[in-house]
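A.B. asks:
In the working numbering, the protein residues as written are 556 to 709.
1) For residue 568, collect the residues of the same chain with a Cβ closer than 7 Å to its Cβ; drop the 5 residues on either side in sequence, then sort them by chain order.
2) From the DSSP secondary-structure annotation, give me the bridge partner or partners of residue 663.
3) Return yes when the Cβ of residue 677 is within less than 8 Å of the Cβ of residue 635, no when it is not.
4) From what residue to what residue does the alpha helix (DSSP H) around residue 689 run?
5) Measuring straight from C-alpha to C-alpha, what distance separates residue 596 and residue 588?
6) Does the pairing of the segment 569-585 with the segment 639-655 give three or more beta-carbon distances under 8 Å?
7) Relative to the C-alpha of residue 606, which candidate in 709, 672, 675 and 565 has its C-alpha closest?
8) Hey, how far is the Cα of residue 691 from the Cα of residue 602?
9) Give every residue of the same chain whose Cβ lies closer than 7 Å to the Cβ of residue 688, excluding the five residues on either side of it in the sequence, and list them in chain order.
Dropping the structure here:
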């Protein structure tokens with residue numbers, strides 16, 4: 556399935572690496588007018604084509620997370636989680652296309668490990684990047700206190 560915001564995702568990924576549509580098209584093996592049509596939303600890429608374009612654009616998880624933040628927050632709510640915060644390389648701006656997404660969330664008494672796992676899987680499905688999900692209670696450990704102190708709301 557191609558996300559409804561594929562156009563914005565392609566454009567932001569391309570802009571992130573400072574490429575023109577022609578340069579991205581050449582890298583992805585696609586015609587420039589096709590990239591233009593995808594970015595304008597007049598045409599939607601197939602999932603495999605989108606993946607090819609985003610690989611060529613060296614999509615970083617911070618870009619995907621920025622574009623898909625509303626979807627990630629909705630996924631959190633659907634799994635009984637709230638107050639989604641980001642930490643690590645995505646927050647620091649040092650992430651690469653090989654980085655993962657580090658998230659900190661608030662749980663309720665009803666939250667289960669299945670909820671946390673399902674949320675992590677949903678984030679990965681949405682963004683294409685592995686997500687490590689920590690809870691506030693986990694981040695109370697002395698060696699993780701810096702996570703709570705530095706994490707910023709998504």
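Cβ atoms here follow ideal geometry from the backbone N, Cα and C, with glycine treated the same way.
C.D. replies: Taking the definition as stated:
1) 609, 612, 614 and 618
2) Residue 663 is not bridged to any residue.
3) no
4) Element bounds for residue 689: not the alpha helix (DSSP H) but the beta strand (DSSP E), 686-690.
5) 12 Å
6) no
7) 565
8) 35 Å
9) 658, 660, 671, 674 and 675
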